[in-house]
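Peer 1:
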Amino acid sequence: MKKIVSQFFSKSSNSTSIHPKYRADIDGLRGLQILALIGFHGFSTIVPGGYVGVDIFFVISGFLISSIIFKSLQKGGFDFLDFYIRRTKRIFPSLITILVAAFAIGWFCLLPDEFKQLGKHIFGGATFIDNFLYWQESGYFDRSVELKPLLHLWSLGIEEQFYLFWPFLLYSAWKRKFNLLAVTLVVISLSFGLSAYLAYFNKAQAFDFYLPFTRLWGILAGAALAYFNVHDEAKISDYKQSTKHIVGVLGFGLILYSVFFFDRTIYYPGFYAIVPVMGAVMLIWAGQHSWINRHILSNKVMIWFGLISYPLYLWHWMLLSYTRILESAEPDVEIRIGAVLLAILLSWLTYHLIENPIRFSKNNLLTVRALILALVLSGCVGAYVYLNNGIPSRSSVQIASLISFEVPYRESCAKVSNSSYSDDWCHLSEGSADDRLLLIGDSHSNSFSTVFSELRKEQDFHFTQLGRGECPMLLGYGYPQCQELAQAAFNYAKSNQSIKTILLASRWSIYENGFTREGFTNSKAQFEDALKETISAYHKLGKKVELVLTVPISNNPRACVVRAVQLSGKNINYCFISNQHAKNFDGNYRQFITALHTSMPNEFNILDTWDYLCDPKECKIIDGNKVLYSDEGHLSIYGGQFIAQKNKAQLLQFINQ
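Counted the way my numbering counts, the sequence shown spans residues 837 to 1493.
#1: CA-CA distance, Q972 and W1002?
#2: Take the Cβ of H1125 as the centre, count every other Cβ of all protein chains shown within 10 Å, and call the residue buried at 16 or more, exposed below.
#3: Taking a contact to mean a Cβ-Cβ separation below 8 angstroms, would you say L1310 touches A1322 in this structure?
#4: What span of residues does the alpha helix (DSSP H) with F928 cover, start to end?
#5: DSSP on G777, reduced to helix/strand/coil?
#6: Once DSSP output is grouped into helix, strand and coil, what is the label at S1404?
#7: If you draw a straight line from the alpha carbon of D1451 to that of G1460, how long is it in whole angstroms?
#8: Where do the ends of the alpha helix (DSSP H) carrying F906 lie?
#9: Rounding to the nearest angstrom, what Cα-Cα distance links I1082 and S1025 in this structure?
#10: Return the CA-CA distance between G1476 and F1284, expressed in angstroms with no decimal places.
#11: Can the beta-carbon of I994 be found less than 8 angstroms from the beta-carbon of N1015?
#12: Which one of E1369, F1288, Q910 has the shortest CA to CA distance from G1312?
#13: Excluding five sequence neighbours on each side, which residues of the same chain lie with their C-beta closer than 7 angstroms to the C-beta of F1107?
#14: Does C1216 pass the burial test, meaning 16 or more other C-beta atoms within 10 Å, or should it be called exposed?
#15: For R1230 versus C945, is the C-beta spacing smaller than 8 angstroms?
#16: Which whole runs of the beta strand (DSSP E) in the region 1013-1090 are 3 residues long or more, in chain order?
#17: When we look at the beta-carbon of L794 and count the other beta-carbons within 10 Å, is it buried (16 or more) or exposed?
#18: On the DSSP letters alone, give me the boundaries of the beta strand (DSSP E) that N1358 sits inside.
#19: Check whether the region 861-874 touches the region 1133-1143, counting contact only when three or more Cβ pairs, one atom from each stretch, lie closer than 8 angstroms.
#20: Tell me which residues share the same chain as V1111 and place their Cβ nearer than 7 angstroms to its Cβ, disregarding the 5 neighbours each side in the sequence.
#21: Our contact map puts P929 next to R1195 with C-beta atoms below 8 angstroms; I'd like the distance itself, whole angstroms only.
#22: Could you spell out where the beta strand (DSSP E) holding E1454 opens and where it closes?
#23: Taking just the CA atoms, how far does L1385 sit from Q1333?
#24: When DSSP labels each residue in this structure, what does D1459 get in the three-state scheme?
#25: What did DSSP end up calling N1282 once you bin it into helix, strand or coil?
#26: What residue does the alpha helix (DSSP H) around G1277 start on, and which one ends it?
#27: Let's see if you can read the secondary structure: which residues bound the beta strand (DSSP E) around I1442?
#28: Any idea what DSSP makes of I1194, helix, strand or coil?
#29: Does the beta-carbon distance from S1404 to I1171 come in below 8 angstroms?
#30: Do the region 1419-1428 and the region 1374-1389 touch if we need at least three Cβ pairs shorter than 8 angstroms?
#31: Since I1442 and I1429 are thought to touch, with beta carbons under 8 angstroms apart, how far apart are those beta carbons, to the nearest angstrom?
#32: Need the endpoints of the alpha helix (DSSP H) that A1341 sits in, please.
#33: Just to confirm, are S1157 and P985 a CB contact at a threshold of 8 angstroms?
#34: Taking DSSP's pairing of strands, which residues face E973 in a bridge?
#35: What number of angstroms, rounded off, separates the C-alpha of D1498 from the C-alpha of L1432?
#36: Taking the alpha-carbon positions, what's the E982 to T963 distance?
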């Protein structure tokens, strides 16, 4: 180990690293991989499974990197310093370029909360931990993945984590004379086993997708192939060329099948990832002289795309993401085509003017030090943006601001329910020993927490808000965590005699139509029965029950904010939606609740805020220059304050009853 560490501080390196011979077909496979990803990201209706391009990239990376390691160890050693110098000169130049470009565009285009999040992702990209950040962010209130310009760096993070882990593991195993193929197969088995377990039980898909523990097997499939290619090259050469033709065709078929027949509805990666991974392994094994590899992958166009595939991967997603942010919707096809063409041009320039000159420069240590310094500075800038809340003083965002969805939670509801589950979505707000109101429901109950927080400025009273996203808090309804929390809320109300009123607030339309969550499916009939039972149960406790109807579902409120940079200029049309359009989104649950109230009029009342947000013609998303919603369905803090002021007299009377 001392020898390994000392190499990092030496001024020169006597390299024992041996690099595989260039194969044009592998560059062509890179071209196929990036075209699949561009197709998915820009035109997913045509290329619904193009996301498998990442797994093809993993196989290629595992094969090439492991070939270097296996060949070097076969010759008697491995030069860590040379390896990491080459990786740094290969990865850092284009990465730094894209981080700087993302920052520059974001400075002029993004609102403070968006720019703050970008700052965190710039830091994550510079430190190669973005995949862990995206895993932590995945959740109900997270911004759509299409609105994160650096989301694609999650795969680069996994690749770099592989670079840090795999060479040392193989070197240590080699020194101890372990069988390197056995080591490779053990790690593949552990990684794939975990991914398969999560897929089979339909648990933690974000963990399965973003983290290296469940993704390594795809990279190591390429590593296993590299082992055979290095140690059994003669045996592979002995296979008939006709066999290699067939294997190549089958591999190409597996990739095409996954690209055009997979879609967003399947659980991925899991078992499905075997298809593109095996397709890539088979194509590489078939060799550059097989028919597919020679005539399709080694085509000059495919090779050209393969050569610029790395900068193109970085550029295309960022530009497409920014078009979606600026349009506040899926951009027109002309805009998406323009973004892709611009990405191709910028990638070609990046490859020729930045990547290649740095990659093949001769002053290794000076170049690497400069690259590391530049990446560190990029990460520091990202951290500064994040810690300064997206720098709201920027002149480019002074023309408008967006009220973000923030409810002043005080404690986690787990402290009330004694739940063993994650408390990320469970909150208690404004709670005290003399609570008068208990507000329960899914994330839409949070909106009404701000309504009553605003009313407390007019009259002193206490209330508790207890809820979890996508859990309507109905007894015996929903997935196990939801049922546990609903029962805990009921027990809390039962044990607190000061609570006189129960407010049930949720987005009822999604449950009334049947609801599936975490492997559990609830029908319309189950929802209706659970709502009746819950109302009756609280009524029998002597509580007054108030059913809060859902606010109108809106368009994306960010479309109402005039940004410094505009594309089509059509966004302003989204700031109001027709009353009928809103009712269509609302579904038919109101008819059921109206009928239910007629059948049990003494057990609950209805609180409807629709008329405060809509007139007979349209529903509004903004009030003057302030936004009423934080997203398409949830009120912003200002939206809650707006309803409280518009309905103040009636609500205060309701509280005092």
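Ideal Cβ placement from N, Cα and C applies to all residues, glycine included.
Peer 2: Here's the rundown:
#1: Here residue 972 refers to the residue found at position 136 of the sequence shown. Here residue 1002 refers to the residue found at position 166 of the sequence shown. One C-alpha to the other measures close to 25 angstroms.
#2: Numbered from its first residue, the sequence shown carries residue 1125 at position 289. Classification of H1125: exposed, given that the 10 Å Cβ count is below 16.
#3: Sequence index remark: in the sequence shown, residue 1310 carries index 474 (1-based). Sequence index remark: in the sequence shown, residue 1322 carries index 486 (1-based). Yes, they are a contact pair.
#4: Numbered from 1 along the sequence shown, position 92 holds the residue referred to as residue 928. Counting along the chain, the alpha helix (DSSP H) containing F928 begins and ends at 916-945.
#5: The structure shown has nothing for residue 777, since the chain only spans 837 to 1493.
#6: Numbered from 1 along the sequence shown, position 568 holds the residue referred to as residue 1404. Of the three classes helix, strand and coil, the one that applies to S1404 here is coil, per DSSP.
#7: Walking along the sequence shown from the start, residue 1451 turns up at place 615. Walking along the sequence shown from the start, residue 1460 turns up at place 624. Straight-line Cα distance between these residues: approximately 16 angstroms.
#8: Here the question's residue 906 lines up with position 70 in the sequence shown. From DSSP, the alpha helix (DSSP H) with F906 extends over 889-910.
#9: In the sequence shown, the residue the question calls residue 1082 occupies position 246. In the sequence shown, the residue the question calls residue 1025 occupies position 189. Cα-Cα distance, rounded: 27 angstroms.
#10: Start at 1 with the first residue of the sequence shown, and residue 1476 comes out as number 640. Start at 1 with the first residue of the sequence shown, and residue 1284 comes out as number 448. Straight-line Cα distance between these residues: approximately 6 angstroms.
#11: For this step, residue 994 is matched to residue 158 along the sequence shown. For this step, residue 1015 is matched to residue 179 along the sequence shown. Not closer than 8 angstroms, so no.
#12: Walking along the sequence shown from the start, residue 1312 turns up at place 476. Of E1369, F1288, Q910, the residue nearest in Cα terms is E1369.
#13: By one-based count along the sequence shown, residue 1107 stands at place 271. Once the five neighbours on either side are set aside, the close Cβ partners of F1107 are A1032, A1035.
#14: Translated into the one-based positions of the sequence shown, residue 1216 becomes position 380. Exposed is the call here.
#15: Here residue 1230 refers to the residue found at position 394 when the sequence shown is read from its first residue. Here residue 945 refers to the residue found at position 109 when the sequence shown is read from its first residue. Against a cut-off of 8 angstroms, the Cβ pair of C945 and R1230 comes out as no contact.
#16: none
#17: Only positions 837 to 1493 of the chain appear in this structure, which leaves residue 794 out of reach.
#18: Indexing the sequence shown from 1 puts residue 1358 at position 522. Here the beta strand (DSSP E) through N1358 covers 1356-1358.
#19: yes
#20: Position 275 of the sequence shown, counted from the first residue, corresponds to residue 1111. Cβ within range, chain order: L1090, Y1093, S1094.
#21: Stepping through the sequence shown from its first residue, residue 929 is reached at position 93. Stepping through the sequence shown from its first residue, residue 1195 is reached at position 359. Rounded to the nearest angstrom, the Cβ distance from P929 to R1195 is 7 angstroms, consistent with a contact under 8 angstroms.
#22: Numbered from 1 along the sequence shown, position 618 holds the residue referred to as residue 1454. Note, E1454: beta strand (DSSP E), 1454-1456.
#23: Sequence index remark: in the sequence shown, residue 1333 carries index 497 (1-based). Sequence index remark: in the sequence shown, residue 1385 carries index 549 (1-based). Their Cα atoms are separated by approximately 26 angstroms.
#24: Counting from one through the sequence shown, the residue named residue 1459 turns up at place 623. In this structure, D1459 counts as strand in the three-state DSSP scheme.
#25: Here the question's residue 1282 lines up with position 446 in the sequence shown. Three-state result, N1282: helix.
#26: The count along the sequence shown starts at 1 and reaches residue 1277 at position 441. Element bounds for G1277: not the alpha helix (DSSP H) but the beta strand (DSSP E), 1273-1277.
#27: Along the sequence shown, read from residue 1 onward, the residue named residue 1442 stands at position 606. Looking at the DSSP string, the run of the beta strand (DSSP E) that includes I1442 is 1441-1443.
#28: Here residue 1194 refers to the residue found at position 358 when the sequence shown is read from its first residue. Note: I1194 maps to helix in three-state DSSP.
#29: Residue mapping note: residue 1404 aligns to position 568 of the sequence shown, counting from 1. Residue mapping note: residue 1171 aligns to position 335 of the sequence shown, counting from 1. Using a Cβ distance threshold of 8 angstroms, S1404 and I1171 count as a contacting pair.
#30: Cβ pair count under 8 angstroms is three or more, so yes.
#31: Residue 1442 sits at position 606 when you count from the first residue of the sequence shown. Residue 1429 sits at position 593 when you count from the first residue of the sequence shown. The beta-carbon separation of I1442 and I1429, rounded to 7 angstroms, stays under the 8 angstroms limit for a contact.
#32: Residue numbering aside, residue 1341 sits at position 505 when the sequence shown is read from its first letter. No alpha helix (DSSP H) holds A1341; the beta strand (DSSP E) holding it covers 1337-1341.
#33: Working through the sequence shown from its first residue, we reach residue 1157 at position 321. Working through the sequence shown from its first residue, we reach residue 985 at position 149. Yes; because the gap between Cβ atoms is below 8 angstroms, this pair is in contact.
#34: For the purposes of this step, residue 973 is identified with residue 137 of the sequence shown, where counting begins at 1. According to DSSP, E973 bridges with nothing at all.
#35: In the structure as shown, the chain begins at 837 and stops at 1493. Residue 1498 is therefore absent and cannot be evaluated.
#36: Along the sequence shown, one-based indexing puts residue 982 at 146. Along the sequence shown, one-based indexing puts residue 963 at 127. Straight-line Cα distance between these residues: approximately 22 angstroms.
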